[in-house]
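Listed in order, the protein sequences are those of chains F and D.
Take the first sequence: its letters are residues 191 to 533, numbered as in our numbering.
Take the second sequence: its letters are residues 191 to 533, numbered as in our numbering.
By construction, the Cβ of each residue, glycine as well, lies at the ideal position given by its N, Cα and C atoms.
Protein chains: 2
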Amino acid sequence: MRKSQQQKPLLRVLAGEVLPVAPWWLMRQAGRYLPEYRQLRGRAGDFVAFCLDPALAAEATMQPLRRYGMDAAILFSDILMVPYALGQKLCFVEGEGPVLEPVDSAEGLSRLERDAFLFRLEGVFEAARRVASDLGPKQALIGFAGAPWTVAVYMVEGGASHDFRRVKIWAYRDPAGFAALVELLQEATIAFLCGQIEAGVEAVQLFDSWAGILSEAAFVRWVIEPTARIVAVLKARYPHVPIIGFPRGAGALYERYVSLTGVDAIGCDTALPVSYARESLQRLVPVQGNLDPVMLLAGEEAFREAVWRLWRILGKGPYIFNLGHGVLPETPPHAIASLAALL
Amino acid sequence: MRKSQQQKPLLRVLAGEVLPVAPWWLMRQAGRYLPEYRQLRGRAGDFVAFCLDPALAAEATMQPLRRYGMDAAILFSDILMVPYALGQKLCFVEGEGPVLEPVDSAEGLSRLERDAFLFRLEGVFEAARRVASDLGPKQALIGFAGAPWTVAVYMVEGGASHDFRRVKIWAYRDPAGFAALVELLQEATIAFLCGQIEAGVEAVQLFDSWAGILSEAAFVRWVIEPTARIVAVLKARYPHVPIIGFPRGAGALYERYVSLTGVDAIGCDTALPVSYARESLQRLVPVQGNLDPVMLLAGEEAFREAVWRLWRILGKGPYIFNLGHGVLPETPPHAIASLAALL
Numbered sequence: 191m192r193k194s195q196q197q198k199p200l201l202r203v204l205a206g207e208v209l210p211v212a213p214w215w216l217m218r219q220a221g222r223y224l225p226e227y228r229q230l231r232g233r234a235g236d237f238v239a240f241c242l243d244p245a246l247a248a249e250a251t252m253q254p255l256r257r258y259g260m261d262a263a264i265l266f267s268d269i270l271m272v273p274y275a276l277g278q279k280l281c282f283v284e285g286e287g288p289v290l291e292p293v294d295s296a297e298g299l300s301r302l303e304r305d306a307f308l309f310r311l312e313g314v315f316e317a318a319r320r321v322a323s324d325l326g327p328k329q330a331l332i333g334f335a336g337a338p339w340t341v342a343v344y345m346v347e348g349g350a351s352h353d354f355r356r357v358k359i360w361a362y363r364d365p366a367g368f369a370a371l372v373e374l375l376q377e378a379t380i381a382f383l384c385g386q387i388e389a390g391v392e393a394v395q396l397f398d399s400w401a402g403i404l405s406e407a408a409f410v411r412w413v414i415e416p417t418a419r420i421v422a423v424l425k426a427r428y429p430h431v432p433i434i435g436f437p438r439g440a441g442a443l444y445e446r447y448v449s450l451t452g453v454d455a456i457g458c459d460t461a462l463p464v465s466y467a468r469e470s471l472q473r474l475v476p477v478q479g480n481l482d483p484v485m486l487l488a489g490e491e492a493f494r495e496a497v498w499r500l501w502r503i504l505g506k507g508p509y510i511f512n513l514g515h516g517v518l519p520e521t522p523p524h525a526i527a528s529l530a531a532l533l
Numbered sequence: 191m192r193k194s195q196q197q198k199p200l201l202r203v204l205a206g207e208v209l210p211v212a213p214w215w216l217m218r219q220a221g222r223y224l225p226e227y228r229q230l231r232g233r234a235g236d237f238v239a240f241c242l243d244p245a246l247a248a249e250a251t252m253q254p255l256r257r258y259g260m261d262a263a264i265l266f267s268d269i270l271m272v273p274y275a276l277g278q279k280l281c282f283v284e285g286e287g288p289v290l291e292p293v294d295s296a297e298g299l300s301r302l303e304r305d306a307f308l309f310r311l312e313g314v315f316e317a318a319r320r321v322a323s324d325l326g327p328k329q330a331l332i333g334f335a336g337a338p339w340t341v342a343v344y345m346v347e348g349g350a351s352h353d354f355r356r357v358k359i360w361a362y363r364d365p366a367g368f369a370a371l372v373e374l375l376q377e378a379t380i381a382f383l384c385g386q387i388e389a390g391v392e393a394v395q396l397f398d399s400w401a402g403i404l405s406e407a408a409f410v411r412w413v414i415e416p417t418a419r420i421v422a423v424l425k426a427r428y429p430h431v432p433i434i435g436f437p438r439g440a441g442a443l444y445e446r447y448v449s450l451t452g453v454d455a456i457g458c459d460t461a462l463p464v465s466y467a468r469e470s471l472q473r474l475v476p477v478q479g480n481l482d483p484v485m486l487l488a489g490e491e492a493f494r495e496a497v498w499r500l501w502r503i504l505g506k507g508p509y510i511f512n513l514g515h516g517v518l519p520e521t522p523p524h525a526i527a528s529l530a531a532l533l
């Protein structure tokens, strides 16, 4: 798609254009903070079933756009749909997050099932098709997946973790064995994102939520290398679909991540200095981020200045407004309306 | 103390010398992973009482040095001794960490008591005196405190937190009110560290464990500014006592932290790239760090190469070997013996 033909602001910025107004969307813009989401969520008991029901997932995806008119919808789903589709036992416990039957050895790995992978994710693709046909002419559809390292963390730890002991011990003690898991996830992620693109998503984001817990050498091996491989394959097949990387917590490694993975744009987490994003990242790719989501709980007086500062520094280059992490469930819906009015 | 007179390797490196062998100590080198510590700990029911008993705290401090002969002892204590001494209700729940009665308003702040502060900490000073007289001629004694931001996090949240919502909302919504808490902590920290120095500690470390959750502007205001003030006062009073800063998770802001706070040395967390520590930090100050503590659970074969890599890169300048975070309670004691043999 040539720039001149592209009318969607989000895609124009992802192609490198500098716009007079920043396009925006918010990580976890669909979800628990919205009363209409909570009502919808009540209709399917199990969270996995909810994500895989095309009508419910499409509806959850569209809800925030109806209220606030973001420039992009992001498919309502979860990064753990990939382990689910690989046959790992998964459930979501209210208030506690995901619980998985841990896979932490070659033997556990051998029990994963690859054959039904895309079949099990059909609900996600169908939701994407429905949303794609529902969107306004200026709204883009973003697909996503967890990056292999982050998905591996959940698969090995069996859920959230404090010290990431189990996954790191495996990676440190048996790098070849752990690499087999990461490579499986790499290929699964490629297949999953290709399916989403075929179903109509126009950009994808790779969430590497646990990129920030690794030493430099491990970051290169488990974050940069698998991401670079995913990007290379997707770019070869779909050169016009931009890929946004989000290596949360990567700090001083953000620049190397951008240079070595080949992502088209970079999502900045809350702690990443805006000045660094401007000087070290935006000269390479468009940047996205990074208002602290807690700001939306502190009131407009608190966040007005912070939003203005982001725009003043990052608005000089290709820039997409977003938070530095997902919308918190406690966010008052009117705070996002106030935010929308500022943008 | 002039360099030529200084025989303790840790203090020589902190003064800028490059030594042929790196001096070493480990964050949380005294503690639960040691059977003799667990035995000692059983003698005082309450953790606060344990920290404030000079005989027990001194003994806990010395235990790892007897086994492993580190180049420094770090006083066995806890960063929450400061809120305790300010009269905040505090207890430690086994397996859950600290629980405090939250202080999250000017009203809560007004209930804190400043008068008995140093009196309540006398046990820490007495422990320091005892350890100072017990150490070998080449072993240094390190004192420490939590930095104001990190201590404020615990005081406001009332313990560990996932999203740091309560403390950030206060800081964002009412920066002047929150500044009163941070300034109180700044002055309390200065008094606490002066007391430790008078009692015999020869270097101090400021632990800013939650430095990595702040946006750039908030980092400057709540991490850099209070730390710079503490450093300035301590340097004026005790120019020969080096101060090690440890702004865990500060990522790309590490360099600015070093430049603007005036710390004498910098502790690097696990995720900080070794190459960045070498290129951006070690040209300014001696560096300390940053082996992943999980490495010690993965076996010597795993950590040998990582230790060698640290030494190869950072050993060219003034360098103190340490972990990038505290020793984990599950660490096998023999792993630290293997580590000691490598150093």
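Around Leu371(F), the same chain offers Leu299, Ala342 as residues with beta carbons nearer than 6 angstroms, after the five sequence neighbours per side are excluded.
Classified as buried, Glu406(F) has 16 or more neighbouring CB atoms from the shown chains inside 10 Å of its CB.
The Cβ of Pro437(F) sits no closer than 7 angstroms to any Cβ of chain D.
Between Leu311(F) and Phe382(F) the beta-carbon gap is near 6 angstroms, inside 8 angstroms, which marks them as a contact. As for any alpha helix (DSSP H) of minimum length 4 sitting wholly inside the region 222 to 249 of chain F, the runs are 225 to 231, 237 to 242, ordered along the chain.
In the three-state reduction of the DSSP assignment, Val343(F) falls in the helix class. When C-beta atoms of the region 490 to 504 of chain F are compared with those of the region 456 to 476 of chain D, fewer than three pairs fall below 8 angstroms, so the two segments do not count as touching. In the displayed model, Gln219(D) falls within coil according to three-state DSSP, outside both helix and strand.
Shown here, Leu513(D) sits in a strand according to DSSP, grouped into three states.
Assignment of Cys384(D) by DSSP, reduced to helix, strand and coil, places it in the helix class.
Neighbours of Leu443(D) in chain F, taken as residues whose beta carbon is under 7 angstroms from its own, are Pro463 in chain order. In the structure shown, Gly507(F) adopts coil according to DSSP, grouped into three states. A direct Cα-to-Cα measurement between Gly507(F) and Val211(D) gives close to 48 angstroms.
Minimum Cα-Cα distance from Tyr466(D) among the listed residues Thr460(F), Arg446(F), Leu450(F) corresponds to Arg446(F). Non-local C-beta neighbours of Phe436(D) in its own chain, meaning closer than 7 angstroms and more than five positions away in sequence, comprise Gln395, Leu396, Phe397, Asp398, Gly457, ordered along the chain. Nearest Cα to Val289(F) within the set Met345(F), Pro244(F), Ala239(F), Phe334(F): Met345(F). Here the C-alpha atom of Thr521(D) lies approximately 39 angstroms from the C-alpha atom of Phe307(F).
For Ile403(F), the C-beta contacts it makes with chain D under 8 angstroms involve Thr460, Ala461, in order along the chain. Residue state for Trp400(F) is assigned as coil, using DSSP reduced to three classes. For the region 340 to 373 of chain D, the residues whose beta carbon sits under 8 angstroms from a beta carbon of chain F are, in order, Asp353, Phe354, Arg355, Lys358, Ile359, Tyr362, Arg363. Per DSSP, Cys458(F) has no beta-bridge partner at all. When the five nearest sequence neighbours on each side are left out, the beta carbons in the same chain lying within less than 6 angstroms of the beta carbon of Leu513(D) are those of Leu216, Met217, Leu481, Pro483, in order along the chain. Around Gly489(D), the beta-carbon contacts reaching into chain F at under 9 angstroms are Ile359, Tyr362, Arg363. The beta carbon of Arg319(F) lies closer than 7 angstroms to those of Ala389, Gly390 in the same chain, with the five residues before and after it left out.
Cβ contact annotation for Leu265(D) (same chain, cutoff 8 angstroms, sequence separation greater than five): Ala247, Thr251, Val314, Ala317, Ala318, Val321, Leu331, Ile332, Gly333, Phe334, Gln386, Val391, in chain order. Against chain D, the CB of Tyr466(F) has a partner CB under 7 angstroms away; the residue lies at that interface. Chain-ordered, the chain F residues with CB closer than 8 angstroms to the CB of Leu518(D) read Asp353, Arg355. Pairing Trp501(D) with Val413(D) gives a Cβ-Cβ distance that is not under 7 angstroms.
Put simply, the backbone Cα of Gly277(F) is about 58 angstroms away from that of Ala422(D).
Here Phe266(D) carries a coil assignment [DSSP, helix/strand/coil]. Under the three-state reduction of DSSP output, Leu311(F) falls in the coil class, being neither helix nor strand.
Counting other Cβ atoms within 10 Å of its Cβ, Val357(D) reaches 16 or more and is therefore classed as buried. Between the alpha carbons of Ala530(F) and Tyr509(F) lies a gap of roughly 16 angstroms. A Cβ-Cβ separation of about 15 angstroms leaves Gly348(D) out of contact with Val272(D) under the 8 angstroms criterion. Contact annotation for Val453(F) against chain D: no contact, minimum CB-CB distance about 18 angstroms [criterion: below 9 angstroms].
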